[in-house]
Structure formats: structure tokens, C-alpha cells
Ligand SMILES: C[S@@+](CC[C@H](N)C(=O)[O-])C[C@H]1O[C@@H](n2cnc3c(N)ncnc32)[C@H](O)[C@@H]1O
């Protein structure tokens, strides 16, 4: 039998050409891929780098890191760190790249291999242990959290991170169900949520929002994103690019607001006459939000919700 490490789950990179263009790659530049996954974007960046170019790759997921290390073993330009991209600034300092990074790239959320492996517990379509941790060696699983969290906390998570209208009902149903037996599998949770969800959006599984919410909470996805964005501004070289692909409105809102704030510069009282140069803008927004074109959408349904935003360090 194959273990999940041996199984060859694939991930098709989204908005690949758009990402490469947005990063404006210099042959001898230093780049960071904060979300290596299966390395689709990293490999394409490397293909554009010369011998002096450098790539630093992060991922929380041990299986993604195995692949990144295989790549690094055959390519001296690659450095790999297992862990959150919130270690960006610390690792960049260790490497002596502080203020010299030409591009930071994030392709947020989960990869297809994570979703398609029932053992990881991310999918309501497959039955598996209710885990949902990107790094199963760290923190608590979704099952552990659902066993101990109180109803109000569960409701808040479903509402805040899933924008679930029926958060209250679903939280109550979860608490009632766990009194009968522990909720240990994805299918158990999916059916409890479906039964408590009186009307769900067309074409969407009734558990979509709840699974998204619990996953975001368990992996601290939004907190990590905010932390990484603020570090990225400090470590980029002037002209360096920050390129982020988001997959849902909560992430995209954070990225959009962050880039907008950085491009406004320091705050002055509204009636104070201030010259443009005095604003000290940290970043400039580059172009508009980019979405996948029809030919990509036809070949990769994951690209449907992807939004890419770009900003440049001033
Ligand atoms: C959408 S996939 C990236 C796919 C990749 N671009 C490719 O082409 O193969 C997102 C990856 O980011 C990782 N990830 C998500 N949040 C992370 C974080 N805070 N720190 C490090 N890795 C993270 C996930 O484990 C997952 O492997």
C-alpha cells in the first residue's frame, strides 16, 4: 500500500505566467516563495534565474518540504525552510539578504495534494481523520479543537472565517452531536453541518464555508498572512515586488488593504499641506487585481477564485 508521502498527488500552479511577469524577475535576483507546495511557481522562477540568482522557499507542510529539499539537493541556488512564512524576516537576515530581496511571492491556502489526500482531513468530499493541519506535527487538529471549544467560540470561527450565515445553528449542532459521540472524521462533520444548514448556495457543498473557516482557524492563516506582509515590506529592495495570490475574499481583503495602506504613506492631518515626497510611501500598487483567463479556467477549476495582486517597494 502507498503511504500518502509516496502517492503522487499533483498541483497545477495557478496564474503562472501572470506571476512571473508580476515578479519582474532579474537574472541574478533574490526571490522568496513563501508557499512552495509542489514547487510549480518556484521551478518557473528558477528557470528565469541565472547562476547567481537565489530562491528561498518556505512551506509548513512536511510533504511539500520533502519535494523542496529534493529540488534544493540538485540546485545550489535554492534554500529551503520548513515552517511558516512568518519566519521570512528572520531567515532573510540569517542569509544576509535583508533589504536586498527582489521579490516575495505567496500563493495562499491549501494545495491540491493536501485536499486530495483523505488522510490530511481537509476535504468534505473524502472521508478521513478530521485533522486539517498544514503541519500535522504542530498545534491541535480540527477534531481536538471541536471536542473542546465552546459553542460560542465555534460559532465565531464559522462566522468570522467562513462568513457562514448559519454559524449559530451549525455550532449548536456540532455541540449536540459531540455529546453523542466524538467528531473524528471529515464525513461526520460534513453531515452534521449539512443537516444544520437549512439552505446553501447553489453549486456549493453545504459544508464548504464551515470547512474553510475551521481550516483557516486551525492554521492561523489570516494572522500569518498579516505578519508576513508587514515583514515583506521591510526585507524588499527598492523596486522589489510583492506578489500575492488569494483564494477567498477574507485573504484578498487583507492583501488589498495592506497594499493600499502602504501606498498611502505616513498619515498627516487632512488640512496640513504635504508634498508628495513627504508622504514616504513604502509601496506602489502595480496594475489592477488579475484573474485567470478563460483558457486557464477551462483547464484548472482551482483558478476560478484566484486573485493576484502586485505592489512594488519604493
Ligand atoms: C496553493 S499551495 C502553493 C502551490 C505552489 N505555488 C505550487 O505551484 O505548487 C499553498 C501552500 O502553502 C503552504 N502554506 C500555507 N500557509 C503557509 C504559511 N503560513 N507558511 C508556510 N506555508 C504555508 C501550504 O502548506 C501549501 O503547501
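Numbering (the numbering used here), first residue to last: -5 to 308.
Glycine included, each C-beta is placed from N, C-alpha and C at the ideal position.
Owing to the predicted nature of the structure, the values given are computational and were not obtained by experimental measurement.
Once DSSP output is grouped into helix, strand and coil, what is the label at residue i?
| i | result |
| --- | --- |
| residue 232 | strand |
| residue 227 | helix |
| residue 327 | This structure cannot settle anything about residue 327, because the visible part of the chain is limited to -5 through 308. |
| residue 311 | What is shown of the chain runs -5 to 308, which leaves residue 311 out entirely. |
| residue 123 | strand |
| residue 102 | coil |
| residue -3 | Because the pLDDT of residue -3 is 41, which lies under 50, any placement of that residue in the model is unreliable, and the number read from its coordinates should be weighed accordingly. Coil, per DSSP. |
| residue 283 | coil |
| residue 157 | coil |
| residue 203 | helix |
| residue 141 | helix |
| residue 85 | helix |
| residue 22 | coil |
| residue 128 | coil |
| residue 48 | strand |
| residue 274 | coil |
| residue 239 | strand |
| residue 307 | strand |
Pick from the options: whose alpha carbon is nearest that of residue i?
| i | options | result |
| --- | --- | --- |
| residue 188 | 167, 176, 178 and 175 | 167 |
| residue 21 | 5, 47, 261 and 31 | 47 |
| residue 300 | 3, 13 and 4 | 13 |
| residue 66 | 79, 78, 77 and 52 | 52 |
| residue 35 | 276, 108 and 102 | 102 |
| residue 183 | 198, 195, 197 and 164 | 164 |
| residue 243 | 144, 221, 302 and 266 | 302 |
| residue 41 | 25, 54, 55 and 56 | 25 |
| residue 91 | 286, 226, 6 and 155 | 226 |
| residue 190 | 283, 286 and 169 | 169 |
| residue 143 | 177, 111, 129 and 130 | 177 |
| residue 307 | 269, 17 and 129 | 17 |
| residue 207 | 296, 265, 8 and 158 | 158 |
Within its chain, find whatever has a CB closer than 7 Å to the CB of residue i; leave out the 5 residues flanking it on each side and keep chain order.
| i | result |
| --- | --- |
| residue 93 | 229 and 231 |
| residue 116 | 104, 108, 109, 126 and 209 |
| residue 199 | 118 |
| residue 77 | 52 and 54 |
| residue 196 | none |
| residue 83 | 225, 228 and 229 |
| residue 192 | 160 |
| residue 44 | 21 and 22 |
CB-CB under 8 Å to residue i, same chain, minus the five flanking residues each way: which ones, in chain order?
| i | result |
| --- | --- |
| residue 212 | 126, 127, 133, 134, 135, 136 and 139 |
| residue 61 | 30, 32 and 33 |
| residue 274 | 259 and 260 |
| residue 172 | 140 and 141 |
| residue 305 | 235, 236, 253, 256, 257, 277, 278, 279 and 280 |
| residue 221 | 80 |
| residue 6 | 34, 106, 293, 294 and 296 |
| residue 38 | 7, 10, 13 and 14 |
Counting only the same chain and skipping the five closest in sequence on each side, list residues whose C-beta sits under 6 Å from that of residue i.
| i | result |
| --- | --- |
| residue 181 | 121 |
| residue 19 | 42 |
Would you say residue i touches ligand 1, meaning its beta carbon is less than 7 Å from a heavy atom?
| i | result |
| --- | --- |
| residue 197 | no |
| residue 69 | no |
| residue 358 | In the structure as shown, the chain begins at -5 and stops at 308. Residue 358 is therefore absent and cannot be evaluated. |
| residue 282 | no |
| residue 58 | yes |
Can we count residue i as close to ligand 2, meaning its CB is less than 7 Å from some heavy atom?
| i | result |
| --- | --- |
| residue 11 | With respect to ligand 2, the structure offers nothing, as its ligand set consists of ligand 1. |
Counting only runs that start and end within the segment 162 to 200, where is the alpha helix (DSSP H) found for 4 or more residues in a row? Look at the segment 162 to 200 and you find these whole runs of alpha helix (DSSP H), each 4 residues long or longer: 180 to 190.
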